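Below is one structure; the comments refer to it alone.
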Amino acid sequence: MKPDPQPSGLSRGIHFLINPEWTPEQALAVFELLNDLADSIWSHYCVELQELIQEQQRTSTDHSDIENAPSSF
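Going by the numbering used here, the letters in the sequence shown line up with residues 15 to 87, in that order.
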């Protein structure tokens, strides 16, 4: 079975297993931890991350134009 695509666009790598026996409180604690981590990373690398995201979007757009170009052969 093919894994669901991730927001990062990655389709392979380390699979994270979530314990189905977690309580809603445990799930919320992990969710809040990850949000806090994301906020801390964003606070520290805000400008660099914005530049990198913009660069990746430009690169993605450039490549999709080439891939979608009609073949002249």
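Every residue, glycine too, gets a C-beta built ideally from N, C-alpha and C. A quick note: this is a predicted structure, and the numbers were derived from the prediction, not measured.
Neighbourhood of residue i by C-beta, 8 Å cutoff - its chain only, sequence neighbours within 5 removed
i     : result
Glu63 : Strictly speaking, residue 63 in this sequence is Leu, with Glu absent from that position. Within the same chain, Leu63 has close Cβ partners Ile55 and Trp56.
DSSP-derived helix/strand/coil call for residue i
i     : result
Ser74 : helix
Ser57 : helix
Ile32 : coil
Pro38 : helix
Leu51 : helix
Gln20 : coil
Nonlocal neighbours in the same chain, by C-beta distance under 7 Å from residue i, ignoring five residues either side
i     : result
Asn33 : none
6 Å CB neighbourhood of residue i in its chain, flanking five on each side removed
i     : result
Phe87 : For Phe87, the pLDDT reaches just 47, beneath the cut-off of 50, and the residue's location in the model is therefore unreliable, although a value from the coordinates is still provided. Nothing listed; no residue qualifies.
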